[in-house]
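Residue numbers (our numbering): 11 to 316.
Quick reminder that beta carbons are idealized off the backbone N, C-alpha and C, glycines included.
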């Protein structure tokens with residue numbers, strides 16, 4: 011029986027022919043994301059804007075859903091719950107509510123009143139804005155260092171042109187995901203958002219390196235072909251692998267988004283957006299960018315114009 015092929019082996023889509031449309035779309039998407047970040051800002055979570063962290067112990071096994079439903083009835087913003095240690099221990103994170111210490115203390119008292127007297131408060135700590143500022147600085151630094159490390163890795167593995175194109179595509183993916191957080195304030199920008207950014211970068215560069223590796227093989231195997239033909243051939247040869255890998259990951263993320271509850275949804279859905287954008291850039295953006303870098307093979311300039 012002939013095996014089923016999602017993407018036929020002899021697929022020959024001319025990706026480079028539409029490169030200018032892709033570049034214009036990507037540039038517009040980048041500017042919209044930057045504009046949303048500048049003018050709309052991010053909905054920072056407790057990790058960045060501060061608040062209270064409470065460790066509580068219930069008399070019976072903690073009903074996380076029930077506690078969350080109670081706390082959502084009071085107007086103090088998004089409250090995060092996490093089970094840790096035993097089934098009776100719960101970590102409650104309450105964001106800053108109001109500008110003054112009095113308003114923040116009032117919010118904390120609301121939480122205590124809602125939880126009732128049958129709860130033991132084992133620890134209550136305040137997260138100040140200074141700590142949040144340090145987290146913002148460290149998060150930005152982590153993303154920049156990651157991009158720089160990827161640049162060095164790809165540069166060592168391929169020619170510098172591949173490294174530049176790969177990092178440009180990565181920056182496009184990260185900026186787009188950052189714009190997603192800025193445009194949709196339903197999703198708080200917390201430590202989980204940094205994880206989503208780094209996962210997007212890692213997944214995207216993994217797919218991009220696969221395409222780059224095939225391009226390098228084809229350049230040395232088909233020296234008489236034009237660079238346009240080599241790029242199209244390489245992208246088409248890796249298209250099935252790229253789409254199948256992304257598709258199976260999307261299925262897993264969709265299952266988590268649909269059946270994992272609100273907390274899992276808030277974490278997984280941005281990763282899903284990053285995966286889609288990263289797959290797009292690996293196929294349509296990173297490789298066509300090589301046409302404008304002056305790439306040379308064995309002393310022969312193989313770059314072309316617009």
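The beta strand (DSSP E) with residue i in it runs from where to where?
{"i": "residue 353", "result": "Here the chain has residues from 11 to 316 only, and residue 353 is not among them."}
{"i": "residue 93", "result": "90-93"}
So what's residue i in DSSP terms, helix, strand or just coil?
{"i": "residue 26", "result": "helix"}
{"i": "residue 171", "result": "helix"}
{"i": "residue 38", "result": "helix"}
{"i": "residue 70", "result": "coil"}
{"i": "residue 258", "result": "helix"}
{"i": "residue 194", "result": "coil"}
{"i": "residue 82", "result": "coil"}
{"i": "residue 236", "result": "coil"}
{"i": "residue 186", "result": "helix"}
{"i": "residue 309", "result": "Bear in mind that a pLDDT of 46 at residue 309, under 50, signals an unreliable position, so the number given afterwards is only what the model happens to contain. Coil at residue 309, not helix or strand."}
{"i": "residue 181", "result": "helix"}
{"i": "residue 317", "result": "For residue 317 there is no data in the structure shown, the boundaries of the chain being 11 and 316."}
{"i": "residue 242", "result": "helix"}
{"i": "residue 252", "result": "helix"}
{"i": "residue 96", "result": "coil"}
{"i": "residue 124", "result": "helix"}
How many whole angstroms separate the CB atoms of residue i and residue j, which I take to be in contact at a CB cut-off of 8 Å?
{"i": "residue 50", "j": "residue 203", "result": "With 8 Å as the limit, residue 50 and residue 203 do not qualify as a contact, their Cβ atoms being about 15 Å apart."}
{"i": "residue 121", "j": "residue 81", "result": "7 Å"}
{"i": "residue 118", "j": "residue 65", "result": "That belief does not hold up - the Cβ atoms of residue 118 and residue 65 are roughly 14 Å apart, past 8 Å."}
{"i": "residue 279", "j": "residue 267", "result": "5 Å"}
{"i": "residue 295", "j": "residue 152", "result": "In fact, because the Cβ distance is near 24 Å, the residues do not count as touching under 8 Å."}
{"i": "residue 220", "j": "residue 57", "result": "The Cβ separation is near 34 Å, so there is no contact."}
{"i": "residue 299", "j": "residue 175", "result": "4 Å"}
{"i": "residue 171", "j": "residue 303", "result": "4 Å"}
Over what stretch of residues does the alpha helix (DSSP H) that includes residue i continue unbroken?
{"i": "residue 288", "result": "271-290"}
{"i": "residue 225", "result": "201-231"}
Quick check: residue i and residue j, are their CB atoms within less than 7 Å of each other?
{"i": "residue 210", "j": "residue 188", "result": "no"}
{"i": "residue 26", "j": "residue 287", "result": "no"}
{"i": "residue 98", "j": "residue 124", "result": "no"}
{"i": "residue 61", "j": "residue 129", "result": "no"}
{"i": "residue 291", "j": "residue 182", "result": "yes"}
{"i": "residue 246", "j": "residue 74", "result": "no"}
{"i": "residue 149", "j": "residue 161", "result": "no"}
{"i": "residue 276", "j": "residue 197", "result": "yes"}
{"i": "residue 199", "j": "residue 52", "result": "yes"}
{"i": "residue 206", "j": "residue 270", "result": "no"}
{"i": "residue 225", "j": "residue 250", "result": "no"}
{"i": "residue 282", "j": "residue 263", "result": "yes"}
{"i": "residue 94", "j": "residue 168", "result": "no"}
{"i": "residue 241", "j": "residue 297", "result": "yes"}
{"i": "residue 89", "j": "residue 135", "result": "no"}
Opposite residue i in the DSSP bridges: which residues?
{"i": "residue 31", "result": "According to DSSP, which records beta bridges pairwise, residue 31 is partnered with nothing at all."}
{"i": "residue 64", "result": "102 and 134"}
{"i": "residue 54", "result": "199"}
{"i": "residue 129", "result": "68"}
Answer yes or no: does any C-beta atom of chain D fall closer than 7 Å to that of residue i?
{"i": "residue 202", "result": "This model lacks chain D altogether, as it is built from one protein chain only."}
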